[in-house]
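Peer 1: Structure provided below as C-alpha cells; questions to follow.
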Amino acid sequence: MPQNDHLLLSRLQALAYRPPLFLSHLGASHPRDELTSMKYEGVEEILSRSRDAPLWVGGMITAERKFSDKRQFIIQSVIGANWERIQYFKVSAQFDVRQHDWRRAPIGACEFQSVFERAAPILRSFDFEEMYGRNFAELFAGERMNFFNDNAPHLRYFSAACLPTSSSAPWLGQLRHFGTSVNDVADIMPYLPSMLALESFTAENITFEEVFRRAPPPQLTDLKLERICIEGYFINVCPPLLTGTYFRDGCSVILDMDCNYQIREARGHDYLWSALEGARSSICSSFDRFAKVHRFNVQIVKFELSKTLFFFGCRTHLLDNLGNPIEFRIRIENQCQPFSGRTHEVFRAIVDHCNSTLEPITSLVIDFPAQSYPSDWEGIRTYVSTYISFFSSVKHLTLTEATLHCVLAYSANNVAFPVLETLTMTAFDYPQPQSAEGPLLSVLQFLRDRSLLGTPIKDFIYHESKDLPDMKDLYGIAGLSVRGVAHGM
Numbered sequence: 001m002p003q004n005d006h007l008l009l010s011r012l013q014a015l016a017y018r019p020p021l022f023l024s025h026l027g028a029s030h031p032r033d034e035l036t037s038m039k040y041e042g043v044e045e046i047l048s049r050s051r052d053a054p055l056w057v058g059g060m061i062t063a064e065r066k067f068s069d070k071r072q073f074i075i076q077s078v079i080g081a082n083w084e085r086i087q088y089f090k091v092s093a094q095f096d097v098r099q100h101d102w103r104r105a106p107i108g109a110c111e112f113q114s115v116f117e118r119a120a121p122i123l124r125s126f127d128f129e130e131m132y133g134r135n136f137a138e139l140f141a142g143e144r145m146n147f148f149n150d151n152a153p154h155l156r157y158f159s160a161a162c163l164p165t166s167s168s169a170p171w172l173g174q175l176r177h178f179g180t181s182v183n184d185v186a187d188i189m190p191y192l193p194s195m196l197a198l199e200s201f202t203a204e205n206i207t208f209e210e211v212f213r214r215a216p217p218p219q220l221t222d223l224k225l226e227r228i229c230i231e232g233y234f235i236n237v238c239p240p241l242l243t244g245t246y247f248r249d250g251c252s253v254i255l256d257m258d259c260n261y262q263i264r265e266a267r268g269h270d271y272l273w274s275a276l277e278g279a280r281s282s283i284c285s286s287f288d289r290f291a292k293v294h295r296f297n298v299q300i301v302k303f304e305l306s307k308t309l310f311f312f313g314c315r316t317h318l319l320d321n322l323g324n325p326i327e328f329r330i331r332i333e334n335q336c337q338p339f340s341g342r343t344h345e346v347f348r349a350i351v352d353h354c355n356s357t358l359e360p361i362t363s364l365v366i367d368f369p370a371q372s373y374p375s376d377w378e379g380i381r382t383y384v385s386t387y388i389s390f391f392s393s394v395k396h397l398t399l400t401e402a403t404l405h406c407v408l409a410y411s412a413n414n415v416a417f418p419v420l421e422t423l424t425m426t427a428f429d430y431p432q433p434q435s436a437e438g439p440l441l442s443v444l445q446f447l448r449d450r451s452l453l454g455t456p457i458k459d460f461i462y463h464e465s466k467d468l469p470d471m472k473d474l475y476g477i478a479g480l481s482v483r484g485v486a487h488g489m
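Sequential numbering from 1 applies to the sequence shown in our numbering.
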C-alpha cells in the first residue's frame, strides 16, 4: 500500500471532551500548508490507543486515483468503522479537476453517503464541504439524504452545503448553527421557526437566481438569529434573504459574492450593475438594523478596492454566543470593470450610507493597490478620492504604501483625514523613483505635509518584514513616535 504523505487525514485525535471555544475554532477552514499527513501505522495506533474514547476527525481527502487505496482506507476503516464514536467531524473532499469529471466521480457524495446515513449517537459538530465549492444535489435526482438515519441527539453544528438536506430531519430543531445550499433554502425556510435554538445560518453555493422566484421565502418573526451568512454567485438572492424578519436587529450579516459566474452566464456587466442596484436597498436596510444596536460598539472599519474586489466591513469588539466576532461585511469578487461609473455608483452609495449611519469612524483599514493599474493611474487617483472623503473623523489609519499614494493625490487639493493621529503601514509595495530618500519618499512627503498643515502625525507604526526599508530618517522627525510590530492586522 502506498505510504504517500500528501493525503487525506490532517488530524485525528482521541478526545474525551472539547469546550465550545474549541468547537468555534474548528469552524475556520484549515490552510493547506497547515495540514499534516498521517501514515497507516500512525492512524491505526491512534485508533488502538484511544480505545472507545470520542474522536475528532478533520482534514482534507483527495480524489486523485493514485491515492485511491489510502482514500478507501480512510473512508471505510477510519471514518466508517468508527462513525458511532466520532464527536467532531470536519472534512473537505477534493477533486483533481484536471483528471476527473466531478459529476461522474464525486468523492464526497457517493463514497460518503452510506456512512453519513448511519446513526451518529455522540456527534456534536458535522462540517463537510467540497473543496471547490461544487454542489452535488443534482446527483440525487431531487432526493434528500437521510443524514444520520434521523438519529443525532447531540448534534448542534451542521454544515453540508454540497449535499441535499431534508427539511424534515428531526435533529434540525436542536441546531445552533445550520449551513446549507441555497438550492435547499426555499424548501427549508418554512421550517426555520421550529429551529428555536438556531443562532447562526449560512446559505452557500448560490448558483440559481430563480430559486426565490419559484418560492419566495416566508416572512418569519419567531427566530432570533445572531449571524446570517450568504455565499455564492448571484447577488440577486440577497434581497429576498435580507428583507425577511427572521434575524434580529444587531445580527451579524456576511455577504460573500463571486460575480464571475453571473457576468459570464447572465448577460454581462449591465446585468451585474442592475443586480447590484436591485440589492442596494436590502443591503443598506440590513446594515441599518446592525447599526441600530452596534453603532457605538464598532471597533474598526475596513474598506478595500482592487481590480477584482470590493470589500466593506465593520467589526465590533463583541462576540456572539458561538464565539464569532459580531460584524457586518460585504465582499464582492470578480465584479470586473472596477472603475466603471454605474457599478461603483452603487458601491459608493453603499459605503456612504453605512458610514453616515455609524458614529464617526475613528479607526480605518483601507487598501487601494494602485500598482495594479499602471495604465490608468490618474483616473484611479481621482476615483478613490470620493471614498477618502467619507472618513473625515479617522484618527487611526492602516494602509499600504500604494494606498498612501492615493491619499497623497487627494491631499494635493484637500486635507485627507484631518484629525489623523496614527499611521500604520502594512507594506512598502509601491515602485519608487530614484531618490536620495529611497523607498520612504512617499511616507516622508505625507508626514511633512501634515506638519506644514499644523496636523502632524503622532505615531508611525510599521509591520516588520525581511524587505523593510531603513527607517532611520523617520526616527529623526521631532514629535513622531516610530515603532515596528509583528506582521498582521
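From the three backbone atoms N, C-alpha and C, an ideal C-beta is built for every residue, glycine too.
Because the structure is a prediction, the values reported are computed rather than measured.
Determine the direct distance from the alpha carbon of Phe-390 to that of Thr-400, and round the result to whole angstroms.
Peer 2: The straight-line gap from Cα to Cα measures roughly 19 Å.
Peer 1: If you drop the 5 nearest sequence neighbours on each side, which residues of the same chain put their C-beta closer than 8 Å to that of Arg-124?
Peer 2: Once the five neighbours on either side are set aside, the close Cβ partners of Arg-124 are Leu-23, Gln-87, Tyr-88, His-154, Leu-155, Arg-156 and Tyr-157.
Peer 1: Is the beta carbon of Val-115 closer than 8 Å to that of Gly-80?
Peer 2: Yes. Within cutoff.
Peer 1: Report all residues from its chain with a CB closer than 7 Å to the CB of Asn-355; omit the five preceding and five following residues, and keep chain order.
Peer 2: Only Ile-361, Phe-390 and Phe-391 meet the Cβ criterion.
Peer 1: Since I believe His-463 is in contact with Thr-426 (beta carbons under 8 Å), could you give me their beta-carbon distance rounded to a whole number of angstroms?
Peer 2: Thr-426 to His-463, Cβ: 5 Å. Contact.
Peer 1: What number of angstroms, rounded off, separates the C-alpha of Ala-291 from the C-alpha of Met-195?
Peer 2: In a straight line, the C-alpha of Ala-291 is about 26 Å away from that of Met-195.
Peer 1: Secondary structure at Phe-351, three-state DSSP: helix, strand or coil?
Peer 2: First, the amino acid is wrong: residue 351 is Val here, not Phe. In this structure, Val-351 counts as helix in the three-state DSSP scheme.
Peer 1: Considering only the beta carbon of each residue, do Tyr-410 and Phe-303 sit closer than 8 Å?
Peer 2: Taking 8 Å as the Cβ cut-off, Tyr-410 and Phe-303 do not qualify as a contacting pair.
Peer 1: Return the CA-CA distance between Met-145 and Ser-286, expressed in angstroms with no decimal places.
Peer 2: In a straight line, the C-alpha of Met-145 is about 33 Å away from that of Ser-286.
Peer 1: DSSP beta-bridge partners for Lys-90?
Peer 2: Its beta-bridge partners are Gly-58 and Asp-127.
Peer 1: When you compare each of His-177, Phe-148, Ser-181 and Ala-160 to Ala-169 by their alpha carbons, which one comes out closest?
Peer 2: Comparing Cα positions, the closest option is Phe-148.
Peer 1: Keeping to the same chain, check which residues put their C-beta closer than 8 Å to that of Asp-320; ignore five residues upstream and five downstream.
Peer 2: Excluding residues within five positions, the ones whose Cβ falls inside 8 Å are Glu-199, Ser-200, Glu-226, Arg-227, Ser-252 and Ile-326.
Peer 1: Could you tell me the alpha carbon to alpha carbon distance between Leu-309 and Thr-343, rounded to whole angstroms?
Peer 2: Cα-Cα distance, rounded: 12 Å.
Peer 1: Looking only at DSSP bridge pairs, what is Pro-325 linked to?
Peer 2: Bridge partners of Pro-325: Leu-319.
Peer 1: If you check the beta carbons only, do Gly-250 and Val-293 fall under 8 Å apart?
Peer 2: In contact: Gly-250 and Val-293 (Cβ atoms closer than 8 Å).
Peer 1: Quick one: using the 10 Å Cβ neighbour count with 16 as the cut-off for buried, is Asn-236 buried or exposed?
Peer 2: Burial call: buried.
Peer 1: Determine which residues share a DSSP beta bridge with Tyr-410 and list them.
Peer 2: Tyr-410 pairs with nothing; no bridge assigned.
Peer 1: Phe-126 to Ile-46, Cα distance in whole Å?
Peer 2: Each residue's alpha carbon lies about 21 Å from the other.
Peer 1: Using a 10 Å radius around the Cβ and a threshold of 16 neighbouring Cβ atoms, would you call Glu-111 buried or exposed?
Peer 2: When all chains shown are included, Glu-111 counts as buried.
Peer 1: Suppose you measure from the CA of Asp-52 to the CA of Val-78; what does that come to, to the nearest Å?
Peer 2: Between Asp-52 and Val-78, the C-alpha separation is close to 13 Å.
Peer 1: With distances taken from CA atoms, which of Leu-441, Lys-458 and Val-415 is nearest Thr-424?
Peer 2: Among Leu-441, Lys-458 and Val-415, the Cα nearest to that of Thr-424 belongs to Lys-458.
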